[in-house]
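Q: Once you've had a glance at the structure underneath, I'll fire off some questions.
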Amino acid sequence: MARGVAGVLRRAYTSRVRFLLSTRNLHSFRETGCRSLVNPEFDVPTSRFASDNLIRAQLQWNDYRFGGFGFGKARGFSSTVDNNGENDEKVESDIEDCAESLGSESEDYDEESMVNELGEVDESLMNDSAVSEIGDNVTESSEAARALNARYQDPVELYRELRQSEVRAKLRSSELDTLQEIFGYFAQSSWGANQALAIYIGRSFFPTAVSKFRDFFVSKCKIEVVQDLVRVGATDEAVKFLFPVFVEFCIEEFPDEIKRFKSVVDSADLTKPATWFPFARAMKRKIVYHCGPTNSGKTYNALQRFMEAKNGLYCSPLRLLAMEVFDKVNALGIYCSLLTGQEKKHVPFSNHVSCTVEMVSTDELYEVAVVDEIQMMADPSRGHAWTKALLGLKADEIHLCGDPSVLEIVRKMCADTGDELVEEHYER
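What the sequence shown shows, in our numbering, is residues 35 to 462, in sequence order.
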């Protein structure tokens, strides 16, 4: 055993002596405070070195992974190197003594397996022991997590016990530090933040909620639960155990925050268009679908009802068509304003508006509204404007003019909104 270690140290020392002989005229690595030259000029100077630093520089025994072999107990020694190597025997005897002191702790040491031809220590064997130690820790943590989940299967019951607890457990500082690490890991867990969205706890509020839950848990938790949780450590298993209890805590402690976030989520939900305009949904609207081909008289009949009403709105797909209706209605003595993206004409005392469909206002109340070319609702670029007009117009009576291509869609939308649908079919 000792021969193997001594061989390593001897090779390191031999390399040191060769280096000193090849660099005789250079300064030493570390002088001992005496700067005067003992030998005459041009002779090899006597330099004093501390061999502990040189050995550490050549070998990797100062690494924490070699602590188990007892190398850290090797004591440093000093030597004097002169031209004739008079002190070699003394240094070698010190090396042998150091190797013998390591013998009792390294009986299984194998030079061939631990040291390669260059005198370097093989780190792979050390890594195997470190990996096995990590694996043992992971296995122990998993077993502790399974035991914890088996003991506390009902998170609601555990939360009630915590809520009813009045005596605070006396925890050691090490246990408190571990709990801080666990809850810090919980607050940074992306899995926990994603799961919290299901109960309407937003990502921005999640760390605050975890902080409040930590204070509650530390002040109420029993010592048995803390000890079991400490054995699990700051792992995903600990987060998954705490999360159901965290859910119960948030539901009871943050109802207002949950309600606000839920309202934001509901307002951003675009999968239910029938709920987009609550004021229009509160009205009992009548939808008249004038279905027929071009030049079949459907728009004419709708405009007749538009001019008969006390106030009304005409929605056109084209600016020129809106201007045509504007001129025609005013020529008949009915005051009507014009509203397009390029031009606005407000006629005094007018109760009727002719506009392009993108300029529709869902805030005004109308008796009659006419939406022309309703089949444009299926257009990928402009269809949203017709959908908005159909769903959001606050009018007692809405006349839709178009071909039969979107009739089924209109039927489905009226069924969802609860509006009355009347179909009038035209032939050319």
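For glycine and all other residues, C-beta sits at the position ideal for the given N, C-alpha and C.
Count the other CB atoms within 10 Å of the CB of N257; is the residue buried (16 or more) or exposed (fewer)?
A: According to the sequence displayed, residue 257 carries Ile and not Asn. Exposed, since its Cβ has fewer than 16 Cβ neighbours within 10 Å.
Q: Does DSSP put L427 in a helix, a strand or coil?
A: Of the three classes helix, strand and coil, the one that applies to L427 here is coil, per DSSP.
Q: Could you check if P74 is buried or exposed, using at least 16 other CB atoms within 10 Å of its CB as the buried criterion?
A: Below a pLDDT of 50, predicted positions are generally treated as unreliable, and P74, at 44, falls in that range; no measurement from the model is reported.
Q: Per DSSP, what kind of secondary structure is A268 in: helix, strand or coil?
A: It is coil, neither helix nor strand.
Q: With respect to the beta strand (DSSP E) encompassing C255, which residues constitute its N-terminal and C-terminal limits?
A: Where C255 is concerned, there is no enclosing beta strand (DSSP E), given that its DSSP letter is neither H nor E.
Q: Taking only the alpha-carbon atoms, compute the straight-line gap between T451 and V363 and give it to the nearest angstrom.
A: Cα-Cα distance, rounded: 32 Å.
Q: Select from G236, E401, K306 the residue whose C-alpha is nearest the C-alpha of N385.
A: The shortest C-alpha separation from N385 is found at E401.
Q: Measure the C-alpha to C-alpha separation of N335 and H324 and round it to an integer number of angstroms.
A: N335 and H324: Cα-Cα distance of roughly 9 Å.
Q: Using a Cβ-Cβ cutoff of less than 8 Å, which residues in the same chain neighbour Y369 once the five nearest sequence positions on both sides are dropped?
A: Here the set comprises V381, P382, F383, S384, N385, H386.
Q: How many angstroms separate the CA atom of V264 from the CA atom of T212?
A: Computed Cα separation, rounded: 6 Å.
Q: Looking at the secondary structure, which residues open and close the alpha helix (DSSP H) in which V359 lies?
A: Here the alpha helix (DSSP H) through V359 covers 353 to 365.
Q: DSSP state of S62, grouped into three classes?
A: For S62, the predicted structure reports a pLDDT of 42, less than 50, and the residue's modelled location is therefore unreliable. A value from the coordinates is still provided. The answer is coil: DSSP assigns S62 none of H, G, I, E or B.
Q: Does DSSP put D116 in a helix, a strand or coil?
A: Bear in mind that a pLDDT of 47 at D116, under 50, signals an unreliable position, so the number given afterwards is only what the model happens to contain. D116 falls in the coil class under three-state DSSP.
Q: Among residues of its own chain, excluding the 5 on either side of D437, which ones have a beta-carbon nearer than 6 Å to its beta-carbon?
A: Hits under 6 Å: Q409.
Q: When DSSP builds the beta bridges, which residues end up paired with E454?
A: In DSSP, E454 forms a bridge with K320.
Q: Can you find the residues in the same chain that come closer than 8 Å, C-beta to C-beta, to V405, ignoring five residues on each side of it along the sequence?
A: So the qualifying residues of the chain are C349, V391, W420, A423, L424, L427, I432, H433, L434, C435.
Q: Reducing DSSP to helix, strand and coil, say where P278 ends up.
A: Of the three classes helix, strand and coil, the one that applies to P278 here is helix, per DSSP.
Q: Can you name, in chain order, every residue of its own chain whose Cβ lies under 6 Å from the Cβ of R202, other than the five neighbours on each side?
A: So the qualifying residues of the chain are S253.
Q: Sort out for me which residues DSSP pairs S330 with in a bridge.
A: Answer is none; S330 lacks a bridge partner.
Q: Roughly how many whole angstroms lie between the Cα atoms of A91 and V266?
A: With a pLDDT of only 42 at A91, under 50, the local geometry of the prediction cannot be trusted, and the value read off the model is given with reservation. Spanning the two alpha carbons is a distance of roughly 40 Å.
Q: Three-state secondary structure (DSSP) at K246?
A: Looking at K246 - three-state DSSP - the assignment turns out to be helix.
Q: Rounded to whole angstroms, how far is the Cβ of L455 from the Cβ of I321, which I believe are closer than 8 Å?
A: Indeed, because the Cβ distance is near 5 Å, the residues count as touching under 8 Å.
Q: Just checking, does the stretch 343 to 360 make contact with the stretch 290 to 310 on the three C-beta pairs under 8 Å criterion?
A: As far as the Cβ criterion goes, the stretch 343 to 360 does not touch the stretch 290 to 310, which means the pair count is below three.
Q: Quick check: the Cα distance between R462 and K332, rounded to an integer number of angstroms?
A: The alpha-carbon atoms of R462 and K332 are separated by roughly 10 Å.
Q: Run the CB neighbour count on L276, radius 10 Å, all protein chains shown included, and call it buried at 16 or more, exposed below.
A: Label assigned to L276: buried.
Q: By DSSP, does V394 sit in helix, in strand, or in coil?
A: Correct three-state label for V394: coil.
Q: List in chain order: all unbroken alpha helix (DSSP H) runs of 4+ residues lying wholly within the stretch 185 to 246.
A: List check, alpha helix (DSSP H) in window: 189 to 198, 207 to 221, 224 to 230.
Q: Cβ of K246 within 7 Å of any heavy atom in the ligand FMN?
A: You won't find the ligand FMN in this model; it holds no ligand whatsoever.
Q: Since S371 is in the beta strand (DSSP E), which residue starts that stretch and which ends it?
A: From DSSP, the beta strand (DSSP E) with S371 extends over 370 to 373.
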